[in-house]
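Presented below is the structure to which this report refers.
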Amino acid sequence: SSRTARSEEDRDSLWDAWGSWSECSRTCGGGASYSLRRCLSSKTCEGRNIRYRTCSNVDCPPEAGDFRAQQCSAHNDVKYQGQFYEWLPVSNDPDNPCSLKCQARGAALVVELAPKVLDGTRCYTESLDMCISGLCQIVGCDRQLGSAVKEDNCGVCNGDGSTCRLVRGQYKSQLSANKLDDTVVAIPYGSRQVRLVLKGPDHLYLETKTLQGVKSENSLSSTGSFLVDNSSIDFQKFPDKEILRISGPLTADFTVKIRYAGAADSSVQFIFYQPIIHRWRETDFFPCSASCGGGYQLTSAECFDLRSNRVVADQYCHYYPENIKPKPKLQECNLDPCPASDGYKQIMPYDLYHPLPRWESTPWTACSLSCGGGIQSRSISCVEEDIQGHISPVEEWKCMYTPKMPVVQPCNIFDCPKWLAQEWSPCTVTCGQGLRYRVVLCIDHRGMHTGGCSPKTKPHIKEECIVPTPCYKPKEKLPVEAKLPWYKQAQELEEGAVVSEEPSFIPEAWSTCSVTCGVGSQVRLVKCQVLLSFSQSVADLPIDECEGPKPVSQRACYSGPCNGEATEYSPGETELLYGSLQEFDELYDWEYEGFTQCSESCGGGVQEAVVTCLNKQTRETVDETLCVTSRRPPQLLKACSLDPCPPR
8 SSRTARSEED RDSLWDAWGS WSECSRTCGG GASYSLRRCL SSKTCEGRNI RYRTCSNVDC
68 PPEAGDFRAQ QCSAHNDVKY QGQFYEWLPV SNDPDNPCSL KCQARGAALV VELAPKVLDG
128 TRCYTESLDM CISGLCQIVG CDRQLGSAVK EDNCGVCNGD GSTCRLVRGQ YKSQLSANKL
188 DDTVVAIPYG SRQVRLVLKG PDHLYLETKT LQGVKSENSL SSTGSFLVDN SSIDFQKFPD
248 KEILRISGPL TADFTVKIRY AGAADSSVQF IFYQPIIHRW RETDFFPCSA SCGGGYQLTS
308 AECFDLRSNR VVADQYCHYY PENIKPKPKL QECNLDPCPA SDGYKQIMPY DLYHPLPRWE
368 STPWTACSLS CGGGIQSRSI SCVEEDIQGH ISPVEEWKCM YTPKMPVVQP CNIFDCPKWL
428 AQEWSPCTVT CGQGLRYRVV LCIDHRGMHT GGCSPKTKPH IKEECIVPTP CYKPKEKLPV
488 EAKLPWYKQA QELEEGAVVS EEPSFIPEAW STCSVTCGVG SQVRLVKCQV LLSFSQSVAD
548 LPIDECEGPK PVSQRACYSG PCNGEATEYS PGETELLYGS LQEFDELYDW EYEGFTQCSE
608 SCGGGVQEAV VTCLNKQTRE TVDETLCVTS RRPPQLLKAC SLDPCPPR
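When you line the sequence shown up against this note's numbering, it's residues 8 to 655, in that order.
Below, the structure is given as structure tokens:
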């Protein structure tokens, strides 16, 4: 290694010192500067006599335009083959990205107007690599030549990806006669690597809102690349598909919407990186706890809004699981001995954790709306705490060293729950007219099943259906019901309840029936619970903290017939059983005529199916003896009046 070091010294000693750096090739957008040195030997010196570095690494204003385009336009006033042309840049040439190739506007003529572009010209539009002396040189995100440092998905140079989160999802259109469009996804300011793919007959369009509140709309009517609020958009339109790409970062809040154009459903898949705009920021050390003789001081952490550059309530930072609040740091201070004349150590009249007068707030009021965006308020006062821990109000000017906390804030800005209808079940009959069912869920803004949707706008869960196959035997006397799985699912999903930030009754699952046959009872536990937004945990409250009617904790149940009793069938099993009865050709046959009244008005009873003998031609009821050659159908029972009886 010592021999290598000496040889390098000998080699460098043949060169004169490096000269000063030249003027930058550009004033903005990243240029190149060079420095020269002279060989002092009569022989050839090893190494290069020129070196480069980047310079002017500040973004150009939007009106400055593209650097390569400026070089092409410089030839507009020079005749080419006896004719003037308006030249446009040809970028991203894979063979020679550092030559100046330009295309005549409105023509297919592409010409190399110069063998080399000016130093500092980007090799490719989506890269920091730059052309220097006709060669493409690697430039890292730190704007240094030869650097391999890259940006992470959040746009942070040499970052670890912790300042953003990946958001991906799928939207499926829900056609409605009174809706012409719908929101697919809201993409906030600063998001990157946005990609949406629509499949189907509908169309995408954009709504934007800048930080200054300026709103605009773009219809995305044709394929192309264009600017929307200074964000570069790449849009491709196909007969059955649309693709939207935005590299970002977005310079406004974007809302992607869908405009319905056909009877068929459309789906949209989306993915983007959303910035975490609220992050913990460590404060400076508070004043020392003592003026002399040794004391200590602490730091704290405050939630900082990167978008508005101001401190906000801690709850905003707790929203992101990636955010970990820094622990306070402790250090000693004012270690010099106290003056001998004083003879004592003066303690600063500040509390350890609140060393200065501070703003103190009352709790936020309840939100004015449960969803869709409301407001809540609080009162703010300036207080001071003495060393005994007594808190007293003081003049507001004493707290003006920090911004006053807001007294009003938006709340519950998420969308209100809305109904989502699932696919229809198959028709309950194999011929003629029957019924079909579907499950209708109340879905919140997170896509979770919840409550709170308006019953008035709930889509119907049952409708008639016709199977275009003629029935050999009419069944209009038998009421048709849903098959058991669909009926049970529709019932159970409507009873669900989720914990919210307002105290609410949350019932647990029903117990098994108290009997194995006949009519029994079921019980369940009903709690009053609330979701703590700070810790995202559920807490139990006293029952009287919840408002509104408490769900029942006991109900009747029917577990089928006991030994020796008639067989009971559910409504769906009734249809299946009836549909499977063997067909007879005799003139007279048994048929069901509905059910008797319930044996009880509450607490659980039974109904018995009425069986009559009918003339199949005249549809009249006749004496039962005429049906003796036909097999009498089984006796059917069903449970009824299952609601618990009111207390006496």
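From the three backbone atoms N, C-alpha and C, an ideal C-beta is built for every residue, glycine too.
Residue range of the alpha helix (DSSP H) that includes residue i
i	result
residue 325	322 to 325
residue 639	Residue 639 -> no alpha helix (DSSP H), and no H or E assigned at all.
residue 288	Careful: residue 288 lies outside any alpha helix (DSSP H), inside the beta strand (DSSP E) at 285 to 289.
Residues near residue i by beta carbon distance below 6 Å, same chain, minus five either side
i	result
residue 158	148 and 164
residue 107	78, 120, 121 and 124
residue 250	204 and 243
residue 662	Here the chain has residues from 8 to 655 only, and residue 662 is not among them.
residue 360	Only weak support is given to the placement of residue 360: the predicted model assigns it a pLDDT of 43, under 50, and the value that follows is read from those uncertain coordinates. If we look at residue 360 and ignore the five residues flanking it on each side, it has no Cβ neighbours.
residue 478	438 and 439
residue 246	none
Alpha-carbon spacing of residue i relative to residue j, whole angstroms
i	j	result
residue 54	residue 120	32 Å
residue 449	residue 314	34 Å
residue 33	residue 110	24 Å
residue 646	residue 612	6 Å
residue 194	residue 134	24 Å
residue 252	residue 338	50 Å
residue 356	residue 346	Bear in mind that a pLDDT of 43 at residue 356, under 50, signals an unreliable position, so the model cannot answer this.
residue 172	residue 438	53 Å
residue 604	residue 434	28 Å
residue 452	residue 419	11 Å
residue 656	residue 617	Limits of the chain in this structure are 8 at one end and 655 at the other, which puts residue 656 out of reach.
residue 269	residue 217	32 Å
residue 21	residue 52	6 Å
residue 365	residue 265	49 Å
residue 369	residue 390	12 Å
residue 638	residue 652	40 Å
residue 202	residue 260	15 Å
residue 300	residue 340	9 Å
residue 607	residue 564	13 Å
residue 634	residue 569	29 Å
For residue i, the residue or residues it bridges with in DSSP
i	result
residue 119	108
residue 277	176 and 203
residue 615	644
residue 194	261
residue 42	58
residue 310	287 and 319
residue 22	46
residue 131	Bridge partners of residue 131: none, in fact.
residue 302	340
residue 415	384
residue 528	563
residue 143	138
residue 231	242
residue 215	223 and 261
Own chain partners of residue i with C-beta closer than 7 Å, once the 5 adjacent residues on each side are dropped
i	result
residue 388	367 and 400
residue 24	44
Neighbourhood of residue i by C-beta distance below 8 Å, restricted to the same chain and skipping five residues each side
i	result
residue 132	98 and 99
residue 30	40
residue 330	283, 285, 286, 287 and 324
residue 312	284, 285, 318, 319 and 323
residue 80	93 and 94
Opening and closing residue of the beta strand (DSSP E) in which residue i lies
i	result
residue 75	Unbroken run through residue 75 is the alpha helix (DSSP H), 74 to 80; no beta strand (DSSP E).
residue 514	511 to 514
residue 624	It is not in any beta strand (DSSP E) - residue 624 carries neither H nor E in the DSSP assignment.
residue 441	439 to 444
residue 225	222 to 225
residue 596	595 to 602
residue 96	94 to 96
residue 137	137 to 139
residue 649	Taken as a continuous stretch (DSSP letters only), residue 649 belongs to no beta strand (DSSP E), as it is neither H nor E.
residue 181	Neither: residue 181 is in no beta strand (DSSP E) and is coded neither H nor E.
residue 469	469 to 474
residue 242	238 to 244
residue 399	398 to 400
residue 426	425 to 428
residue 85	First-last for residue 85: undefined, no H or E at that position.
Cβ-heavy atom distance, residue i to the ligand NAP, below 7 Å
i	result
residue 428	Among the components modelled here there is no ligand, and therefore nothing to report on the ligand NAP.
* Asked: Counting Cβ pairs closer than 8 Å, one from the region 199 to 219 and one from the region 261 to 279, do we hit at least three?
  -> yes
* Can you find at least 3 beta carbon pairs, one from the region 552 to 559 and one from the region 510 to 528, that sit closer than 8 Å? -> Yes: at least three Cβ pairs fall under 8 Å.
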